[in-house]
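A.B. asks: Chains as they are written, first to last, in this note's numbering: chain A, -7 to 58; chain B, 8 to 697.
Here's a structure for you.
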């Protein structure tokens, strides 16, 4: 029961961060280790900046609605 | 045995929904509780989701849970990330929910709550959610590409360009109407203006905090920002009470317009981390929080709907906006029933993160039902206000005058009981100087929300706080949209112009950037200014134009969906998108036609221009113009608006022609001709996880 609540809260946190364009950092790190072990992995701060720029930096993406 | 129990359960569900509808339909004369509306809505949505979306997922689209998704194929941990469906649902819902579904139903409430409610329920189940779901599906099967790209690859280069061109103009009208709502809500309101102005330094502080002091701590910085916001609401009351400060923050509509235009320009060329990102955190979380608290409030107190089910204004003579129920109700409700803008979101970030095709039903169809539920709540909030107060707030000064006495007199003649004391008392309750002609929908929603929330928490004493909280919440996400929209519009413009002037395509060039930004801001600023000085309140002109443009985009998206269904050789199920497309086309084209050519100057732009022309010929000056020069400006504006409506019609009709061409070509061939990415198997762990 407790485990389910904890995982529910974790999902809620992930969803709230994703709402503002920030995917899960641990997923990114796991993916990099798994798929591209030879490439450098961004630190959380770099990751944060990269995602922020990607969400708001433009290229004409519409990320919200009327 | 189990299947019987299940069937019995669904039967009970349908019966409950039918009963709630019976209560709403038969209980004329005395107010009904909002709970009945909620019950009816939940029943319709659950049944629609369970049966209709399942039919679309299985029979029409043939969702394949073993098929590769872009999230796995292009997984980079950044844009393409396989994501849990509940997590992604939240993201998608936050992206599609905005001011539109809140404002539309409030304006539409002048015809009574029943027409809007029926269209919201029927429209979302049969049209809006279908569009969101199928566009999402189409994009998932094509590497998560955008709407413009999808149209280009499935229908041709030219229709794709036309659709992008149309989207740019929607953006301008959208930004203008959103900005107008803010101007109308803040004009002559020092409390509101102060709190909204305070969000700028708060956001700047948050931006620096999240970049240098505690990088990336979004939750923490948002919480700090939220507390500062609450402080600014409390502080606003003191600002209002100190005359010298109050004078500083008491601004006219025109002053606010120029400030907003300046803000839009500066904000959209500033680094994103400084202002836009932190503002987005605040507005997104505040939006979700407010929607949830409003839902809880409505469930707890089940306020009575005081607005009649139908008013006499279904004939088109209403003061809030003019035009008869068909087609203008559908244009006005817009976003909560079907919103073309969602097709941009459904082909944006969501398809790149969906783990399994099967999730598209829950996320695409489900999130739109949720959005429509938000629209129903806005309708409830508007209908719980005394109808007399509703009309005092939403009728332009040109019709009801500027004093409580004249407003009460005019509105009482329409058959809605209201006294001057009631009007002034409402203003006192919410801490404003006046509530007369506070058009635009936001103040009405704020009064409705303040009534509901103060009933739950804080009582009468907290009403002014909740009112300004609601205004702040709306202004906050509108300003975020103005900022982000100007940026998006700038890129669209650079992309479009770049096809003709290569220099403009360079998004790294500061000159090209500034030129495109200026054109964008000037574009929406023009419509905004024109709306602010309009004696009929501006919303009268701009909201229908916005509705038409939004429904036009929905029409384009539905044409694309129909084309894809024919290309998949699913001809016998193509009615799923053709029927809503036909309805959207009929409504949108009729509305645009009437906005241009209707003989009534309150509806038709050309008739309005002619009225001014005749007055010029006679040498008389009609309000709001104060001189012949301004009269000519009004005429010019009418021609611009008429041209814009004509442009939307043209875009729609040409897309229809291209759509028919695509369908005929697809039908002539015996095999599927879709441009889907070739079938690949989804990794085993992804199939079993869902």
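Beta carbons are placed, not taken as given, at the ideal position from N, Cα and C, and that holds for glycine.
Give a yes or no on whether the minimum CB-CB distance between residue 551(B) and chain A is below 8 Å.
C.D. replies: It does not; no Cβ of chain A falls within 8 Å.
A.B. asks: Looking at chain A, is there any beta carbon in it that lies within less than 8 Å of the beta carbon of residue 349(B)?
C.D. replies: Cβ-Cβ to chain A under 8 Å: yes for residue 349(B).
A.B. asks: Whole angstroms is fine: what's the gap from residue 29(B)'s alpha carbon to residue 603(B)'s?
C.D. replies: Looking at the two C-alpha atoms, the distance is approximately 40 Å.
A.B. asks: Would residue 368(B) and residue 140(B) qualify as a contact pair, given that the criterion is a beta-carbon distance under 8 Å?
C.D. replies: Yes, Cβ-Cβ distance for residue 368(B) and residue 140(B) is below 8 Å.
A.B. asks: Cβ of residue 689(B) within 8 Å of Cβ of residue 90(B)?
C.D. replies: Not closer than 8 Å, so no.
A.B. asks: Grab me the residues of residue 524(B)'s own chain with a C-beta within less than 7 Å of its C-beta, minus the 5 sequence neighbours each way, in chain order.
C.D. replies: Closer than 7 Å at Cβ, skipping near neighbours: 272, 275, 276, 493, 497.
A.B. asks: Using only alpha-carbon positions, find the residue among 322(B), 655(B), 440(B) that is nearest to residue 258(B).
C.D. replies: When each option's Cα is compared against that of residue 258(B), the closest is 440(B).
A.B. asks: Suppose you measure from the CA of residue 236(B) to the CA of residue 509(B); what does that come to, to the nearest Å?
C.D. replies: Answer to the nearest angstrom: the Cα atoms are 44 Å apart.
A.B. asks: At which residue ranges does the segment 284 to 361 of chain B contain complete alpha helix (DSSP H) runs of 4 or more residues, listed in the order of the chain?
C.D. replies: Within the segment 284 to 361 of chain B, the complete alpha helix (DSSP H) runs of at least 4 residues are 332 to 340, 349 to 353, 357 to 360.
A.B. asks: Using DSSP's beta-bridge definition, name the partner residues of residue 672(B).
C.D. replies: In DSSP, residue 672(B) forms no bridge with anything.
A.B. asks: Can the beta-carbon of residue 459(B) be found less than 8 Å from the beta-carbon of residue 433(B)?
C.D. replies: In this structure, residue 433(B) does not lie closer than 8 Å to residue 459(B) by Cβ.
A.B. asks: Taking 8 Å as the cut-off, does the segment 642 to 654 of chain B touch the segment 593 to 603 of chain B (at least 3 CB pairs, one atom from each stretch)?
C.D. replies: Yes, since at least three Cβ pairs between the segment 593 to 603 of chain B and the segment 642 to 654 of chain B fall closer than 8 Å, the two stretches touch.
A.B. asks: Any beta-carbon of chain A closer than 8 Å to the one on residue 91(B)?
C.D. replies: Yes, residue 91(B) lies at the interface with chain A (some Cβ there is under 8 Å from its Cβ).
A.B. asks: From the beta carbon of residue 87(A), is the nearest beta carbon of chain B less than 8 Å away?
C.D. replies: Since the first and last residues shown for chain A are -7 and 58, residue 87(A) lies out of range.
A.B. asks: Roughly how far, in whole angstroms, is the beta-carbon of residue 12(A) from the beta-carbon of residue 288(B), given that I think they are within contact range, below 8 Å?
C.D. replies: Contact flag correct, Cβ pair sits at about 5 Å.
A.B. asks: Taking the alpha carbon of residue 133(B) as the reference point, which residue from 479(B), 376(B), 663(B), 541(B) has its own alpha carbon closest?
C.D. replies: That would be 376(B), whose Cα lies nearest to the Cα of residue 133(B).
A.B. asks: Quick one: residues in its chain with C-beta nearer than 7 Å to the C-beta of residue 166(B), no 5 flanking neighbours on either side, listed in chain order?
C.D. replies: Within the same chain, residue 166(B) has close Cβ partners 158, 662, 665.
A.B. asks: Between which two residues does the alpha helix (DSSP H) containing residue 558(B) stretch?
C.D. replies: Looking at the DSSP string, the run of the alpha helix (DSSP H) that includes residue 558(B) is 546 to 574.
A.B. asks: Does the beta-carbon distance from residue 95(B) to residue 20(A) come in below 8 Å?
C.D. replies: Not in contact: residue 95(B) and residue 20(A) (Cβ atoms no closer than 8 Å).
A.B. asks: Could one say the Cβ of residue -7(A) lies closer than 8 Å to chain B's Cβ atoms, at least one of them?
C.D. replies: So, not an interface residue.
A.B. asks: What does DSSP give as the partner residue(s) for residue 40(B) in the beta ladder?
C.D. replies: 311(B), per the DSSP bridge assignment.
A.B. asks: Give me, in chain order, the residues of the same chain whose beta-carbon lies closer than 8 Å to that of residue 179(B); leave out the 5 immediate sequence neighbours on both sides.
C.D. replies: The answer, listed in chain order, is 496, 527, 530, 531, 534.
A.B. asks: Using the C-alpha atoms, what's the distance from residue 373(B) back to residue 639(B)?
C.D. replies: So the alpha carbons of these two residues sit roughly 49 Å apart.
A.B. asks: State yes or no: is the beta carbon of residue 75(A) nearer than 8 Å to at least one beta carbon in chain B?
C.D. replies: Beyond the ends of chain A as shown, which are -7 and 58, falls residue 75(A); an answer cannot be given.
A.B. asks: For residue 92(B), which of 622(B), 363(B), 149(B) has the nearest alpha-carbon?
C.D. replies: Of the listed residues, the one whose Cα sits closest to residue 92(B) is 363(B).
A.B. asks: In this structure, what does DSSP give as the bridge partners for residue 90(B)?
C.D. replies: Answer is 361(B), bridged to residue 90(B).
A.B. asks: Measuring straight from C-alpha to C-alpha, what distance separates residue 2(B) and residue 430(B)?
C.D. replies: Within the shown structure, residues of chain B are numbered from 8 to 697, placing residue 2(B) beyond reach of any answer.
A.B. asks: Evaluate residue 584(B) with the Cβ neighbour count: other Cβ atoms within 10 Å of its Cβ, from every protein chain shown; 16 or more gives buried, anything less gives exposed.
C.D. replies: Flag for residue 584(B) reads buried.
A.B. asks: With distance defined between alpha-carbon atoms, name the residue in 56(A), 44(A), 49(A) nearest to residue 14(A).
C.D. replies: Closest by alpha carbon: 44(A).
A.B. asks: Can you give me the C-alpha to C-alpha distance between residue 202(B) and residue 193(B), rounded to a whole angstrom?
C.D. replies: Taking the straight line from one Cα to the other gives about 10 Å.
A.B. asks: Quick check on this structure: which residue in 197(B), 284(B), 205(B) has the alpha carbon closest to the alpha carbon of residue 251(B)?
C.D. replies: It is 197(B) whose Cα lies nearest to the Cα of residue 251(B).
A.B. asks: For the segment 72 to 97 of chain B, which residues have a beta carbon sitting closer than 9 Å to at least one beta carbon of chain A?
C.D. replies: The segment 72 to 97 of chain B vs chain A, Cβ under 9 Å: 82, 83, 84, 85, 86, 88, 89, 90, 91, 93, 94, 95, 96, 97.
A.B. asks: For residue 697(B), I'd like the list of residues in its chain whose CB is within less than 8 Å of its CB, leaving aside the five on either flank, ordered along the chain.
C.D. replies: Reliability of the predicted coordinates at residue 697(B) is poor, the pLDDT of 46 falling under 50, and no value is obtained from them.
A.B. asks: From residue 80(B) to residue 214(B), what does the alpha carbon distance come to, in whole angstroms?
C.D. replies: Approximately 34 Å, taken between the alpha carbons.
A.B. asks: For residue 3(B) versus residue 592(B), is the C-beta distance shorter than 8 Å?
C.D. replies: This structure cannot settle anything about residue 3(B), because the visible part of chain B is limited to 8 through 697.
A.B. asks: Please work out which residues of its chain come closer than 8 Å, Cβ to Cβ, to residue 5(A), disregarding the five sequence neighbours upstream and downstream, and give them in chain order.
C.D. replies: Here the set comprises nothing.
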